[in-house]
Amino acid sequence: MRQLVLVTAGVLLSILLKAHTYVNSGTDELWHLKSDKQSVKAIFLYAKNDSIFLLKQPGTIIALAITDLTEKDNKRASEKIHWINSINKNWFPANRNNTAVFKEGGDRFFAINKNQSIFIFSAALTLFFFISRYTRKKKLIFFIKGCTASVAMVFIVVFNDACKKTAANISASDTRTVFTTAPKSMDSVFGLFRPAVSTSWDNTYFRISSNGLPSHNMMVGIISWQQQVPLPQAYSGSNAWSIPLSSEFAATPLSTKSNFMKGAIAVAANGIPVFNALNNRGEDSYLIGELDQWGGHCGKADDYHYHVAPLHLAAVTGLLPIAYALDGFPIYGSKEPDGSSMQSLDTCHGHTGTNGLYHYHGTSSYPYTIGAMKGKVTIDPATTAPENQILPQAATQPVRPAGTPLTGAVITGFTANTTGNGYVLEYMINSKKGSVSYSWTGGKYIFIYTDVNGNTTTQTY
Ligand SMILES: [Zn+2]
Ligand SMILES: [Zn+2]
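The opening position of the sequence shown corresponds to residue 202 in the working numbering, with each subsequent residue numbered one higher.
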């Protein structure tokens, strides 16, 4: 009889230990998602409603929809849930009627309830009774065994409490950190700029194709010019801009003050890339006069891009986003999606909307678009901060050598030619006029440069 009781108590303890260990130091496993074909390395914690909750190092709890797991992982999750259910039923009579692991009110399986505590305490008392009953005549052994049983009881009570605390902690940080955007909702934004913009998507990315030339005018207003001009870019096919359809909060959002000074950080609704407010020298591009009246200018590959929020696009998008960040979160204009005035912004330059989804806002002062990347992004391993760039990134193709700053030049005019395959750019230096007239046909580019002294040079690339 004594052996039986000892074994029972031992098994009870081991189950408790096992449960506890399972919560705190399970092993990392890969969990695969159907929606974005990505995987998450994390420890299975518990399941609730339609989600499983995983612990990701260094301590973020993420929720994944059970239906979003691949078939294999869905099965693995079911097995874990089933296992929890079965030991629950077998060892805790008070829980016998719980057919689901997930109880209402955030109660976790590993939190031991009052009935279970009474059960454990009774088991310990029984153990103590039997030990004392059979060891009465040998006083020293009785004393040792009595102490052992008491320590075991204290241990169970303390342990029970520790488990409860673990569960409470999990409950408190039980926040949603993985989001999925319906491609159709992104399409309702970029689709507004058809046919200049075309869209497509797969399970992972929403893709935006364009020739990189916006329908609004460009260049006028630039007072710090590197002699670059807008040329069409091949942002299509495998070189289209890509926005992830699934976003996950970054453990530490990377600040745009010290990151992403290369490449785009967002794509505007009209298919034009949006760069960091700081240029690759770390200067506020807008404040130093590098930008035109629409917040853009051209890079070394004569690629037109914005450095500030293209708030003017709201004339077309209305209350829809004016851009999407490369982490997958939308960038709205100066109003909330419901038309109300913009709520206060966090350091990333956004907040969680009433729909429970995170979004950024474009404003007319620094950081204009994104203060820090709220979502996780992949960084090009060939780049280093602050000139690190996010992948995937559409590539630009230079057709002529990069220009140099033209001191004192102010761009005063920019006109498309009648055939729609070229422009004339006019600038002034000390009230003297200069121009660049250029056009392209079949991959050939002709540039006619007229300087402020009237000298003309023609270059073909
Ligand atoms: Zn730029
Ligand atoms: Zn907002």
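Even for Gly, the Cβ is constructed at its ideal location relative to N, Cα and C.
These figures come from a predicted structure and were not determined experimentally.
query                                                                                                                      : result
R601 vs Y505 beta-carbon contact at 8 Å                                                                                    : no
Beta-carbon contacts of I647 that lie in its chain and below 6 Å, excluding the five residues immediately before and after : S640, T661
Where the alpha helix (DSSP H) through F391 begins and ends                                                                : 384 to 391
C-alpha distance - G655 paired with S437, whole-angstrom precision                                                         : 39 Å
As assigned by DSSP and simplified to three states, the class of H417                                                      : coil
Opening and closing residue of the beta strand (DSSP E) in which V517 lies                                                 : It is not in any beta strand (DSSP E) - V517 instead sits in the alpha helix (DSSP H) that spans 515 to 518.
Short Cβ contact (8 Å threshold) for T405 with L446                                                                        : yes
Check: F476 C-beta below 7 Å from any heavy atom of ligand 1                                                               : yes
C499 versus P599: straight-line alpha-carbon distance, rounded                                                             : 11 Å
Supposed contact pair N480 and H508 - C-beta distance, whole angstroms, cut 8 Å                                            : 7 Å
Local Cβ density within 10 Å of N618, reported as buried at 16 or more and exposed below that                              : exposed
Where K577 falls, given that 16 or more other Cβ within 10 Å makes a residue buried                                        : buried
Member of F380, I267, L393 whose CA lies at the smallest distance from the CA of G519                                      : L393
Contact the region 446 to 461 vs the region 581 to 600: 3+ CB pairs below 8 Å                                              : yes
Residue burial classification, K645 (beta-carbon count within 10 angstroms, cutoff 16)                                     : exposed
Buried or exposed by the 16-neighbour rule on C-beta atoms within 10 Å, applied to L455                                    : buried
As assigned by DSSP and simplified to three states, the class of K633                                                      : strand
Residue(s) in a DSSP beta bridge with L265                                                                                 : I253
For S632 and L521, the rounded distance between their alpha carbons                                                        : 43 Å
Check whether H513 and I532 have beta carbons under 8 Å apart                                                              : no
Whole runs of the beta strand (DSSP E) within the region 540 to 576, excluding any shorter than 3 residues                 : 551 to 553, 559 to 562, 573 to 576
Other residues of its chain near A524: CB distance less than 8 Å, five sequence neighbours each side excluded              : A467, V468, A469, A470, V475, A510, P511, L514, P531, I532, G563, T570
Distance CB(M387)-CB(G497) smaller than 8 Å                                                                                : no
Backbone secondary structure at P454 - three-state DSSP                                                                    : strand
Neighbourhood of G167 by C-beta, 8 Å cutoff - its chain only, sequence neighbours within 5 removed                         : The first residue shown for the chain is 202 and the last is 662, placing residue 167 beyond what the model contains.
Per-residue DSSP class, three states only, for R197                                                                        : Outside the displayed range of the chain (202 to 662) lies residue 197, so it cannot be described from this structure.
H221 - DSSP class collapsed to helix/strand/coil                                                                           : With a pLDDT of 37 at H221, under the threshold of 50, the modelled position of that residue is not reliable, and the figure given next carries that caveat. Looking at H221 - three-state DSSP - the assignment turns out to be helix.
Best match in T642, V653, L265, M629 for proximity to S425 [C-alpha to C-alpha]                                            : M629
Rounded Cβ spacing between V637 and V430 (contact assumed at less than 8 Å)                                                : 6 Å
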